[in-house]
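Top line first, the protein sequences correspond to chains Z and Y.
Okay, so the first sequence: first residue is 51 according to my numbering, each after it adds one.
Okay, so the second sequence: first residue is 51 according to my numbering, each after it adds one.
Protein chains: 2
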Amino acid sequence: MTRQAEVDKGPADTRQRSAATEPSDRSLPIGVFDSGVGGLTVLRALREQLPNERFVYLGDTARLPYGTKSPQSVTRYSLQAADLLVRRRIKYLVIACNTASAVALDALRERYAPLPVMGVIEPGAHAACAASTTRQIGVIATEGTIRGGAYQRAIMARLPDATVIGQPCSLFVALAEEGWTTGPIVEAIARRYLDAMFDQHPAIDTLLLGCTHFPVLTEALGKVLREGVRLVDSAHTTAVALQLALQERGLLRTDSPGSVQLLATDNAERFARVGSLFLGEPFARDDVEIVDLGW
Amino acid sequence: MTRQAEVDKGPADTRQRSAATEPSDRSLPIGVFDSGVGGLTVLRALREQLPNERFVYLGDTARLPYGTKSPQSVTRYSLQAADLLVRRRIKYLVIACNTASAVALDALRERYAPLPVMGVIEPGAHAACAASTTRQIGVIATEGTIRGGAYQRAIMARLPDATVIGQPCSLFVALAEEGWTTGPIVEAIARRYLDAMFDQHPAIDTLLLGCTHFPVLTEALGKVLREGVRLVDSAHTTAVALQLALQERGLLRTDSPGSVQLLATDNAERFARVGSLFLGEPFARDDVEIVDLGW
């Protein structure tokens, strides 16, 4: 059991918080957790923003996707995954999965306090609010994320007079995993999903990508969006938010080369093949450690 | 523990086999198991072919899809699901999932003997061989099914001089679950998957639908297939094979109305909403019993 795992569910006390900012903790890796491969777009953004950090990424490929599972199941899976990362000692936990961020963030924060935990919903909502001048914001995500309403609530909490229009785009996930990221088929599907939303809400000036798979479709989305509509990507804004949070806590690592360790719960071959597109660089099945979450 | 569950892993002896054909067993339901909603196309075909039977269908929606999981995980999930159905007493077990049929059929037969177990691979391969005169057979399925090669092996075992061309069509699953089953987008995707296969193998005269999701796309596939190419559907041929098998064993029920009981491991709302298209008739979340496979 590591220090983080021994901390009980109770609220963090001052001694524990200061312990978490000791210089020795700076060298610990940042734990990144996702249901599978999609979170690798977040890891990619994190590495670009934080090139000196060590990352340990866990994709729960044995149970992906989370977007079609119930909140109870997603919370159970998320706690199991986070347990493993925390046992390996990390200085920060990033939930690089929209579904898990939406339903399990509070449970994770409570369980691992004072370990800081960041999801992708809040940074994405913050960036969308900052980008919009019309306060008409579109959110595209999986069916589960849109139905859950987490982005809509996070945006409305910041801009109570905003209009937020959620549009599920489930096929985008399959397109991204198939590697069909540009061309007429992607554009036709994007038009079918988006045209009605923009026809009904022509003042939308910001489109938030609320699914970790979607950044690889940015080029195709750009071709079908109207002039002046901004694409906002949770991955990039989460990376910026994490950098600020690390600086505030004195946990930012600046003096040594970064690294990435990849873990998955099943099927390293597919994780490497599909995941290479999302991470933006090739990796092999032998680069992936298979772990058992002990169900 | 029911009778079936008490039977050990050893080979079936004669007394057990004759016990399974007692008239009293005829009234027991047929257990049907799938990773989620896709197997409901098989259940639909079974009900059409066997209107007097009782069916209990279990969709493992907590862990779907199986096609991207490793054989070890799929076998473990399949045994857990089958355990539950067998504990509820069934006279036949149908694996309405291509991935589970491909990797877990032997393990299931061994574990539950003398309970008869049928997968969808063998009936599908049999029908494709019967339909083809050129002995050039195309198989479309998920990536996992094609990579596993089970259909290719089952066809070659029957027609050693056949040429079998496997083509993964992963997006078809997402299209079917989205309910986009006809129209230009489906046809464009079908052409992208199929044109190269038919260009390279113009003598293909039979296309086997090796995924339980695909029957709902039959109309769109018919529009892009060349004249004279036959579509063969595992669901229908499995239903015919099951009817013959029940007759042979004296287990066919002909004298009373049939019924369906629906079980899922998670998210009854989505199971009902997406599954209604696959079953071919609407059902509600309250028609679905959520069960726990005890992981």
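Even for Gly, the Cβ is constructed at its ideal location relative to N, Cα and C.
These figures come from a predicted structure and were not determined experimentally.
Extent of the continuous alpha helix (DSSP H) run through residue i
i	result
TYR243 of chain Z	234-250
ARG185 of chain Y	Counting along the chain, ARG185 of chain Y falls outside any alpha helix (DSSP H), and DSSP gives it neither H nor E.
ILE205 of chain Y	200-208
THR125 of chain Y	121-137
THR268 of chain Y	268-274
PHE222 of chain Y	220-228
Per-residue DSSP class, three states only, for residue i
i	result
SER309 of chain Y	strand
ARG67 of chain Z	Confidence at ARG67 of chain Z is low in this model, with a pLDDT of 42, below 50, so the placement of that residue should be treated as unreliable; the coordinate-derived value is given next. Note: ARG67 of chain Z maps to helix in three-state DSSP.
VAL49 of chain Y	Limits of chain Y in this structure are 51 at one end and 345 at the other, which puts residue 49 of chain Y out of reach.
PHE333 of chain Z	coil
VAL324 of chain Z	helix
ALA112 of chain Y	coil
ALA152 of chain Y	helix
ALA212 of chain Y	coil
VAL341 of chain Z	coil
ARG104 of chain Z	strand
PRO73 of chain Z	Low confidence applies here, because PRO73 of chain Z scores a pLDDT of 44, under 50, leaving its location unreliable and the question unanswered by this model.
GLY89 of chain Y	coil
PRO173 of chain Y	helix
ALA180 of chain Z	helix
ALA253 of chain Z	coil
ALA163 of chain Y	coil
LYS59 of chain Y	In this prediction, LYS59 of chain Y scores a pLDDT of 38, lower than 50, which makes its location untrustworthy; no coordinate-derived value is stated.
When the options are compared against residue i, the one with the closest alpha-carbon
i	options	result
TYR127 of chain Y	Y:LEU135, Y:TYR107, Y:SER85	Y:SER85
ILE145 of chain Y	Y:PRO164, Y:ALA238, Y:VAL279, Y:GLY88	Y:GLY88
THR213 of chain Y	Y:GLU237, Y:LEU257, Y:LEU294, Y:ALA191	Y:LEU257
PHE248 of chain Z	Z:GLY174, Z:LEU221, Z:PHE333, Z:GLN217	Z:GLN217
PRO332 of chain Y	Y:LEU267, Y:VAL310, Y:MET168, Y:GLN297	Y:VAL310
CYS147 of chain Z	Z:GLY169, Z:ARG138, Z:ARG159	Z:GLY169
VAL279 of chain Y	Y:ARG299, Y:THR262, Y:ALA253, Y:VAL266	Y:ALA253
ARG338 of chain Z	Z:GLY330, Z:LEU313, Z:PHE328, Z:ILE190	A quick correction: the sequence has Val, not Arg, at residue 338 of chain Z. Nearest of Z:GLY330, Z:LEU313, Z:PHE328, Z:ILE190 to VAL338 of chain Z, Cα basis: Z:LEU313.
ILE171 of chain Z	Z:ASP110, Z:PHE105, Z:ASP283	Z:ASP283
THR192 of chain Z	Z:GLU277, Z:PRO234, Z:ALA226	Z:ALA226
GLU181 of chain Z	Z:THR195, Z:ARG161, Z:HIS251, Z:LEU209	The amino acid at residue 181 of chain Z is misidentified as Glu; the sequence shows Ala. Minimum Cα distance to ALA181 of chain Z is reached at Z:LEU209.
THR262 of chain Z	Z:PRO115, Z:PRO101, Z:ILE80	Z:PRO115
TYR107 of chain Z	Z:ARG138, Z:ASP305, Z:ARG299	Z:ARG138
VAL124 of chain Z	Z:GLN297, Z:ALA150, Z:ILE235	Z:ALA150
TYR142 of chain Y	Y:THR288, Y:ILE205, Y:HIS251	Y:THR288
SER326 of chain Y	Y:LEU301, Y:GLN202, Y:ARG94, Y:SER77	Y:ARG94
VAL136 of chain Y	Y:ILE80, Y:ILE190, Y:THR232, Y:LEU100	Y:ILE80
ILE187 of chain Z	Z:ASP133, Z:GLY194, Z:GLN202, Z:GLU237	Z:GLN202
ARG77 of chain Y	Y:GLY272, Y:ILE340, Y:ASP336, Y:PRO307	Residue 77 of chain Y is actually Ser in this sequence, not Arg. Answer by Cα proximity: Y:PRO307.
ARG161 of chain Y	Y:ALA204, Y:HIS176, Y:GLY174, Y:ALA131	Y:ALA131
LEU271 of chain Z	Z:ARG303, Z:LEU165, Z:ARG104, Z:ILE190	Z:ILE190
GLU298 of chain Y	Y:LEU129, Y:PRO166, Y:ARG104	Y:PRO166
GLU259 of chain Y	Y:GLY174, Y:LEU90, Y:THR111, Y:LEU343	Note on identity: in this sequence residue 259 of chain Y is Leu, with Glu being the wrong assignment. Comparing Cα positions, the closest option is Y:GLY174.
GLU237 of chain Y	Y:VAL274, Y:PHE264, Y:HIS176	Y:VAL274
VAL266 of chain Y	Y:GLN250, Y:ALA285, Y:LEU302, Y:ALA112	Y:ALA285
VAL103 of chain Z	Z:VAL341, Z:ILE196, Z:LEU301, Z:THR268	First, the residue type needs correcting, since residue 103 of chain Z is Glu and not Val in the sequence shown. Looking at the Cα atoms, Z:LEU301 is the closest of the given residues.
ARG242 of chain Z	Y:ASP245, Y:TYR243, Y:GLY233, Y:ARG242	Y:GLY233
Min CB distance residue i to chain A below 8 Å
i	result
THR91 of chain Y	Checking the listed chains, one finds no chain A in this structure; the protein chains it contains are Z and Y.
Near the ligand MN: residue i beta-carbon under 7 Å from a heavy atom
i	result
SER151 of chain Z	Judged by which ligands are present, the structure shown has none, so any question about the ligand MN falls away.
Range covered by the beta strand (DSSP E) that runs through residue i
i	result
THR256 of chain Y	256-259
LEU143 of chain Y	142-145
VAL82 of chain Z	80-84
Taking Cβ-Cβ distances below 8 Å as the criterion, which residues of the region 211-235 of chain Z are in contact with chain Y? SER220, LEU221, VAL223, ALA224, LEU225, GLU227, GLU228, TRP230, PRO234, ILE235
Within 8 Å of chain Z by C-beta, residues of the region 238-262 of chain Y in sequence order: Sequence-ordered contacts of the region 238-262 of chain Y with chain Z read ALA238, ILE239, ARG242 [C-beta pairs closer than 8 Å].
Between the region 114-123 of chain Y and the region 304-322 of chain Z, are three or more C-beta pairs nearer than 8 Å? yes
Contact set between the region 307-329 of chain Y and chain Z, restricted to residues whose Cβ is under 8 Å from the partner: Flagged, chain order: ASP316, ASN317, ARG320.
Residues of the region 118-129 of chain Y with Cβ closer than 7 Å to any Cβ of chain Z, in chain order: Within the region 118-129 of chain Y, the residues whose Cβ lies closer than 7 Å to some Cβ of chain Z are THR118, LYS119, SER120, SER123, listed in chain order.
Would you be able to state if there are at least three C-beta pairs under 8 Å between the region 220-231 of chain Z and the region 154-167 of chain Z? no
Using a Cβ cut-off of 8 Å, which residues of the region 103-116 of chain Z contact any Cβ in chain Y, in chain order? Listed in sequence order: THR111, ALA112, ARG113, LEU114.
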